[in-house]
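*Asks:* Before anything else, here's the structure in question.
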Amino acid sequence: MAANMAEIRARTKSTIMALVKADGYGHGAVTVARAAVAAGAEWLGTTSIAAASALREAGLTAPILTWLHSSGIDAGAAVAHRIDVAVGSVDELDALVSQAASPVRIHLHLDTGMARGGCPRARWDELIGLARRARDARKVEVAGVMGHLPLADHADPAANAPAVAEMQEARRAVREAGLGSPPAHLAATSGALTDPATHFDMVRVGAGLVGIDPSGTVRLHGASRLTAPIVHTAAVAAGTPVGYGGTYVTERAAHLSILPVGYADGIPRGCAPEAGVEIGGRRFPVVGRVSMDQIVIDTGAESFPVGTSATVFGPDGGATPTVQDWARWAGTIPHTIVTGIGPRVRRNVG
Ligand SMILES: *Cc1c(COP(=O)(O)O)cnc(C)c1O
C-alpha cells in the first residue's frame, strides 16, 4: 500500500484522501486507513458516519469525509467525531439543517454526469442558497465541493473534460454565493493516475491503495495474499467425476487436493477453466464446481501433504495468480474479488 501511495503521490500535488469503504476494499478499514496515513494520506473517506466513527475509535485523527448516508445524517455524531458529510440534494441538506445544533462541516456534492448521487446541475443554485442561509444560521460550515468522474477509467482527458468544466463552474458559483473557496475534489484512482486536470485540491483514492488501477495503465502492487491449507487429499483413477454435478472428469489418474475456501469466502463460482492456485511454486487448476466452503485442485502426478499451504492469489506474479487474474477468470473487475472475500477468512496484517 505504501508503494501504491508513492505511485499516486508521484502523479499529483493535490491532497490525497484514502477511501476505506467496503471495509477497506475487503482488506480491513482500519488496516488500510493506518497504512495510507502512514504513507502520506491526509484525509480518509467512508460511506457512513458509523464507519467513520469506527475509524475515530481506532485512534485515527485525520479529517474524514462520508457520503451516501444510507440511514440519514446524524448531525450530532458528525460534530462529536469531527466527521465531514457530503450532501447531494436540497432535501438532504434541509433534513440536516433541521437537526443541527452546532455547525456541521458539509461538502456540497454535484452530480457531474453519473446520475448516481449528487445534486443535479439544475438545482445547484438552490442547494448553494440553502447552504448560504444555513451557514449564516451557524448550522453548517461549507468545507468542500465534490463531484465524481463517470468516465475516468478510459484514461482519456477528453472524456473527463465535461465533468471538469462542471466542477469549475460549480466552484465559481459557491464562491460567488459568498461561501469562500473550500477544497474541490473530483477524481478517484483512475483520474488521479491519468489526468492531472481532474485533480483540483484533493483526489479520493480507494482501489489504487490495494493495487487496483481501474484505468489499466499503471502497474500497482497487490496488497494482499489469500492462502489456504490443503485439508484433504485423494489419489483418484482416470474417469473420476469431481464435485457437484460431476462437471469435471479426470482424464488420467490424478492427485486431488481440497482447499477449505469456497464461494462463501469469495471464490467466484463461475470461473474459466484456467482458474488455478499456486502450490509448491507451480500453478494447478481448480477443477469441478466451486462449493460453498471448498475447492478441488488437480495436482496431476504430484501429491502434496495435508497442511501444505496453497496461494489463491497474491502479489508475486509467476505461478501465483493475481487478483486481476481471478477477475479475468470470473468475467468481473478486481474490485469484486477483493470486496467479496468473506468474513471467515482471517485477516493478518503483515
Ligand atoms: C468509490 C469511490 C471513490 C474511489 O474510487 P476508486 O476508483 O476505488 O479509487 C471515490 N469517490 C467516490 C464518490 C466513490 O464512491
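Using our numbering, you'd call the opening residue of the sequence shown number 603 and step up by one each time.
Here a beta-carbon is modelled for each residue, glycine too, at the ideal position from N, C-alpha and C.
#1: So, S655 versus H683, is the Cβ gap smaller than 9 angstroms?
#2: Could you have a look at P705 and say whether DSSP puts it in helix, strand or coil?
#3: Given 8 angstroms as the limit, is there contact between the region 727–736 and the region 755–768, that is, 3 or more CB pairs closer than that?
#4: Could you say which of P862, L861, A840 lies nearest to R854 if we only look at CA atoms?
#5: Residues in its own chain within less than 8 angstroms of P863 by CB, not counting five upstream and five downstream?
#6: Assuming contact is defined by CB atoms lying nearer than 9 angstroms, are T617 and M804 in contact in what I supplied?
#7: Identify, in the order they occur along the chain, each residue of the same chain with its Cβ nearer than 7 angstroms to the Cβ of A856, setting aside the five sequence neighbours on each side.
#8: Within this structure, are the beta carbons of T922 and R885 separated by less than 9 angstroms?
#9: Which residue marks the beginning of the alpha helix (DSSP H) containing L788, and which one marks its end?
#10: Please determine whether the Cβ atom of G810 lies at a distance below 8 angstroms from any heavy atom of ligand 1.
#11: Considering only the beta carbon of each residue, do C721 and S672 sit closer than 9 angstroms?
#12: Sorted by chain position, which residues of the same chain lie with C-beta nearer than 8 angstroms to T835's C-beta, five sequence neighbours on each side aside?
#13: Would V833 and A825 be called neighbours here (beta carbons separated by less than 9 angstroms)?
#14: Taking the alpha helix (DSSP H) that V889 falls in, what are its first and last residues?
#15: Considering only their Cβ atoms, is the gap separating H937 from A809 smaller than 9 angstroms?
#16: Please classify S958 as buried or exposed, where buried requires at least 16 other C-beta atoms within 10 Å of its C-beta.
#17: Candidates C873, G872, P887: which alpha carbon is nearest V879's?
#18: Relative to the alpha-carbon of Y846, which residue among V820, G890, A641, K623 has its alpha-carbon at the smallest distance?
#19: CB of I935 to nearest heavy atom of ligand 1: below 8 angstroms?
#20: Have a look at V744, D918, L646 and flag the residue whose alpha-carbon is nearest the alpha-carbon of D625.
#21: Assign H801 to one of three DSSP states: helix, strand, or coil.
#22: Measure the alpha-carbon distance for V892 versus I939 and round it to whole angstroms.
#23: Quick check on DSSP: helix, strand or coil for D867?
#24: Do A790 and L751 count as a contact pair if the criterion is CB distance below 9 angstroms?
#25: Given 8 angstroms as the limit, tell me if I708 has its C-beta closer than that to any heavy atom belonging to ligand 1.
#26: Buried or exposed: where does M603 fall if 16 or more other Cβ atoms within 10 Å of its Cβ makes it buried?
#27: Between the C-alpha atoms of L712 and A772, what's the straight-line distance to the nearest angstrom?
#28: May I ask whether a heavy atom of ligand 1 can be found less than 8 angstroms away from the beta carbon of G626?
#29: When DSSP labels each residue in this structure, what does I899 get in the three-state scheme?
*Replies:* The relevant details are as follows:
#1: yes
#2: coil
#3: no
#4: A840
#5: The amino acid occupying residue 863 in the given sequence is Val; Pro does not appear at that position. Cβ within range, chain order: L828, A830, I869, D895, Q896, I897, V914, V947.
#6: yes
#7: V838, D900, G902
#8: yes
#9: Taken as a continuous stretch (DSSP letters only), L788 belongs to no alpha helix (DSSP H), as it is neither H nor E.
#10: yes
#11: no
#12: H857, L858, S859, I860, S905, F906, P907, V908
#13: no
#14: Not the alpha helix (DSSP H): V889 falls in the beta strand (DSSP E), residues 884–889.
#15: yes
#16: No statement about residue 958 is possible, as the shown extent of the chain runs from 603 to 952 and does not include it.
#17: P887
#18: G890
#19: no
#20: L646
#21: coil
#22: 15 angstroms
#23: helix
#24: yes
#25: no
#26: buried
#27: 8 angstroms
#28: no
#29: strand
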